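**Q** From first to last, the protein sequence lines stand for chains C and R. Going by the working numbering, the residue at position 114 of the first sequence is 114; the numbering climbs one at a time, nothing skipped. Converting from the second sequence to the working numbering requires adding 1000 to each position, the first position being numbered 1. Built from N, CA and C at the ideal position, the CB exists for glycine as well. Since the structure is predicted, the reported quantities are computational estimates derived from the model, not experimental observations. Got a structure for you, questions after.
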Amino acid sequence: SQTIHQWPATLVQPVGSPLSLECTVEGTSNPNLYWYRQAAGRGLQLLFYSVGIGQISSEVPQNLSASRPQDRQFILSSKKLLLSDSGFYLCAWASFGTGTDEQYFGPGTRLTVT
Amino acid sequence: RKEVEQDPGPFNVPEGATVAFNCTYSNSASQSFFWYRQDCRKEPKLLMSVYSSGNEDGRFTAQLNRASQYISLLIRDSKLSDSATYLCVVNPLSRLGAGSYQLTFGKGTKLSVIP
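Here it is, written out as structure tokens:
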């Protein structure tokens, strides 16, 4: 069966510090991968998606970036965090080319920028 | 009109009650719909997929009305463990890339089942 991991689970970082969040998927190959952010009291906002290694598309321009160095690894980064980057960051995967749209989420990283 | 709109609630219902949530969507070309459940400070988890007029899974029934562009979720015989936020999710067919799909999430409806 497929599993998705994210770490760390919780992170407190000062403004201006760098960020690196990692997501890995097991039990599937060539998945579509997504990064979302959920701010307090708000819906899920799609940040980045990837359909393959090295392929990244951004949905919202901001100070975040994403990379996919391996088929089942997705990384979210920032060089300098802003207060507005605080939120719940969720990685999700979906099967490629199956004709179904379901996305499955990892446990998330709760980021507080102070 | 918002892409996916839900009543935020909260819906406070006693155990054993039947409760229904509605969700409206703006893109009439949407083809697939989902209900996710999100517990407090946890990730969303897929509850049901709706690809045709409806779907039923035990105590949960989802119905789709394409003419009126809304989806409903009915929960029968509510349990304390049903307390969560229920997210309505729609694929508006705005393809991001080959084989990739963008889902649009509602902000959720909060349900509290009371003993």
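1. Got a sec? Which residues, its chain only, sit under 6 Å from Gln103 of chain C by beta carbon, not counting five neighbours each side?
2. Helix, strand or coil: how does DSSP classify Ser1081 of chain R here?
3. Does DSSP put Ser1028 of chain R in a helix, in a strand, or in coil?
4. Find the residues of chain R that neighbour Leu46 of chain C, judging by a C-beta separation of less than 7 Å, and give them in chain order.
5. Give me, in chain order, the residues of the same chain whose beta-carbon lies closer than 6 Å to that of Leu33 of chain C; leave out the 5 immediate sequence neighbours on both sides.
6. I'd like the span of the beta strand (DSSP E) that includes Gly1054 of chain R, first residue to last.
7. My guess is that Gly108 of chain C and Glu1043 of chain R are in contact by the Cβ rule of under 8 Å, so how many angstroms apart are they, rounded?
8. Pull up the CB-CB distance for Leu1116 of chain R and Ala1084 of chain R, whole angstroms please, since I reckon it's below 8 Å.
9. At the level of alpha carbons, what is the spacing between Phe88 of chain C and Leu81 of chain C?
10. For the beta strand (DSSP E) that contains Val60 of chain C, what are its first and last residues?
11. Could you tell me whether any Cβ in chain C is nearer than 9 Å to the Cβ of Pro1044 of chain R?
12. Could you check whether the Cβ of Pro107 of chain C sits closer than 9 Å to any Cβ belonging to chain B?
13. How many angstroms separate the CA atom of Ser78 of chain C from the CA atom of Leu44 of chain C?
14. Under 8 Å by Cβ, that's how I've got Ile1071 of chain R and Phe1060 of chain R pegged, so tell me the actual separation to the nearest angstrom.
15. Along chain C, in chain order, which residues have C-beta atoms closer than 7 Å to that of Gly1106 of chain R?
16. Mind checking if Ser1032 of chain R is an interface residue toward chain C, Cβ cutoff 9 Å exclusive?
17. Which residues does DSSP pair with Glu102 of chain C in a beta bridge?
18. Is Thr1109 of chain R closer than 9 Å to Tyr1025 of chain R when the C-beta atoms are compared?
19. Which same chain residues, not among the five before or five after Met1048 of chain R, have their C-beta less than 8 Å away from its C-beta?
20. Taking 8 Å as the limit between beta carbons, can you name the residues of its chain near Pro18 of chain C, skipping five residues before and five after?
**A** On the basis of the coordinates in this document:
1. Ala92 and Ala94
2. helix
3. coil
4. Gln1102
5. Ser50, Phe74 and Trp93
6. Gly1054 to Asp1057
7. 5 Å
8. Because chain R in this structure spans residues 1001 to 1115, residue 1116 of chain R falls outside the shown range and cannot be described.
9. 14 Å
10. Where Val60 of chain C is concerned, there is no enclosing beta strand (DSSP E), given that its DSSP letter is neither H nor E.
11. yes
12. The question asks about chain B, but that chain is absent: this structure's protein chains are C and R.
13. 19 Å
14. No, Ile1071 of chain R and Phe1060 of chain R are not in contact; Cβ-Cβ is about 13 Å, not under 8 Å.
15. Gly43
16. yes
17. For Glu102 of chain C, which the question treats as bridged, DSSP gives no partner whatsoever.
18. no
19. Phe1034, Trp1035, Asn1055, Asp1057, Phe1060, Ala1062 and Leu1073
20. Ser77, Ser78, Lys79, Lys80 and Leu81
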